[in-house]
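Please read the structure below before turning to the comments.
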DNA sequence: GTCTATAAGGGGATAGAC
DNA sequence: GTCTATCCCCTTATAGAC
């Protein structure tokens, strides 16, 4: 049943986030989902299938949202488009913090199981931001700079705090899942982009080749 | 024997980095170290003891280096002290990239084994950077800002690329272990700090409360 | 300090009944 | 689609010989 698959995915997302992928057994997932163990293999061909399904659905959702936005903003001024893309990235990561954490963590394991699947997703993931930056540089509205490095800077800013929610709670006294946190992150990243991309900025070699 | 302990620690650091802590078995560590399995329990009271020893030695080394630097630079101008502290952090993280990756990854697991041990280390870890910033703000040489947020920004910048060495290789065409990468990271972080801390910067709300 | 042998348990996956 | 029972492998840790 479709409901069973959803229960398994929810339970797995929760436990993978708390204990890590390797630290979670299919038995624990079944228990948390209140579902028989064998159903995990039946519906997802095993534990790795659950992970891959989670990742796929995460990225497909992000790409769908990016596509929808692209359609409505295609002719808007480039800075406004950048603002909207950044807002989408920040909100998406915050809303799906647990899976973001899971993906980023597993991605840092060199012998990751689903590495081939991931490289494809990551390339489209980067392109969502990079394409707007490249367009702005092309029209001369943005300073010439290394797009790759700016994208890495933005990603670091957004993702790193999500990787350590307990630190964010202590240091920021902000709930990582809250709207305040999301808003603050959005403002920070835009400031960073302003400094990196807009001319009339004071002399800085930041992210410029 | 002391050599045996070192062989185990080296092997464990390598395998934990490649496969993750949970993904590495004591048998594989023993094999990689060319040492009998039982010696891991004998010398480190089990697998977790190896992890804790690695983490402890990592932080003790960093804190010792910070202390030595503090002693020689105590009376230097604050911006120069900041430069030296940042250089130390960047170089240290790059030189010990594998253990940095391991620690940051395991730290993002909510049910991490050695969490109590870690919180103590992390507080001193942050203080190394924060103390210089606070001093500079106190003398009025740095703009008033949220020290915690600047420290998080710096940490994100340094650590995130190290978490994804394969991405760095593709995107930057730089070897994450190389001196060029370390130098670039140093320059980037200093630029970031200049924008965040020094007055006469163009209007930016970045990291200011 | 080092080794062998073994204990005691948990892991993922599946065959076959319903 | 769901469940039970089971297989087989690998895990960590340790007792006891050397």
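Protein chains in written order, with my numbering: chain X, 535 to 743; chain U, 535 to 743.
Where is the CB? At the ideal position from N, CA and C, for every residue including glycine.
Please check if any C-beta of chain X sits within less than 9 Å of the C-beta of residue i.
i: residue 580 (chain U); result: no
i: residue 562 (chain U); result: no
i: residue 630 (chain U); result: no
i: residue 689 (chain U); result: yes
i: residue 621 (chain U); result: no
i: residue 544 (chain U); result: no
i: residue 603 (chain U); result: no
i: residue 556 (chain U); result: yes
i: residue 739 (chain U); result: Bear in mind that the predicted position of residue 739 (chain U) carries a pLDDT of just 49, short of 50, making it unreliable; the figure below should be weighed with that in mind. Yes, residue 739 (chain U) counts as interfacial toward chain X.
i: residue 661 (chain U); result: no
i: residue 698 (chain U); result: yes
i: residue 609 (chain U); result: no
Please tell me whether residue i has its Cβ less than 9 Å away from any Cβ of chain U.
i: residue 565 (chain X); result: no
i: residue 733 (chain X); result: no
i: residue 678 (chain X); result: no
i: residue 701 (chain X); result: yes
i: residue 552 (chain X); result: yes
i: residue 665 (chain X); result: no
i: residue 589 (chain X); result: no
i: residue 682 (chain X); result: yes
i: residue 577 (chain X); result: no
i: residue 658 (chain X); result: no
i: residue 695 (chain X); result: yes
i: residue 642 (chain X); result: yes
i: residue 686 (chain X); result: yes
i: residue 669 (chain X); result: no
i: residue 674 (chain X); result: no
i: residue 716 (chain X); result: no
i: residue 635 (chain X); result: yes
i: residue 638 (chain X); result: yes
Taking the alpha carbon of residue i as the reference point, which residue from the options has its own alpha carbon closest?
i: residue 719 (chain X); options: X:575, X:688, X:733 and X:704; result: X:688
i: residue 628 (chain X); options: X:732, X:694 and X:603; result: X:694
i: residue 733 (chain X); options: X:670, X:603, X:662 and X:660; result: X:670
i: residue 632 (chain X); options: X:697, X:572, X:649 and X:666; result: X:697
i: residue 674 (chain U); options: U:551, U:714, U:731 and U:554; result: U:731
i: residue 713 (chain U); options: U:605, U:621 and U:648; result: U:621
i: residue 551 (chain U); options: U:668, U:585 and U:568; result: U:585
i: residue 556 (chain X); options: X:605, X:607 and X:647; result: X:647
i: residue 666 (chain X); options: X:583, X:598 and X:607; result: X:607
i: residue 638 (chain X); options: U:546, U:650 and U:700; result: U:700
i: residue 711 (chain X); options: X:635, X:566 and X:660; result: X:635
i: residue 680 (chain X); options: X:605, X:668 and X:690; result: X:668
i: residue 663 (chain X); options: X:572, X:709, X:692 and X:649; result: X:692
i: residue 690 (chain U); options: U:611, U:554, U:568 and U:723; result: U:723
i: residue 600 (chain U); options: U:726, U:672, U:678 and U:660; result: U:660
Whether or not the region 550 to 565 of chain U and the region 599 to 617 of chain U are in contact is what I'm after, with contact meaning three or more pairs of Cβ atoms, one per stretch, closer than 8 Å; do they touch?
no
Can at least three beta-carbon pairs, one atom from the region 643 to 651 of chain X and one from the region 641 to 649 of chain U, be found at a separation below 8 Å?
no
Contact between the region 535 to 543 of chain U and the region 571 to 584 of chain U (3+ Cβ pairs under 8 Å)
The region 535 to 543 of chain U is in contact with the region 571 to 584 of chain U.
Output the residue ranges of the alpha helix (DSSP H) runs that lie fully inside the region 687 to 720 of chain U and measure 4 residues or longer, sorted by chain position.
699 to 706
As an exercise, report each continuous alpha helix (DSSP H) stretch of at least 4 residues that is fully enclosed by the region 590 to 636 of chain X, in chain order.
612 to 629
With a threshold of 8 Å, are at least 3 pairs of Cβ atoms found where one atom belongs to the region 583 to 596 of chain X and the other to the region 654 to 669 of chain X?
yes
Under 8 Å, with one C-beta from each stretch per pair, do the region 621 to 639 of chain X and the region 714 to 729 of chain X reach the 3-pair mark?
yes
Cβ contact check for the region 699 to 714 of chain U and the region 678 to 686 of chain X: 3 or more pairs under 8 Å:
yes
Within the region 557 to 595 of chain X, ranges of the alpha helix (DSSP H) (whole runs, at least 4 residues):
560 to 567 and 572 to 578
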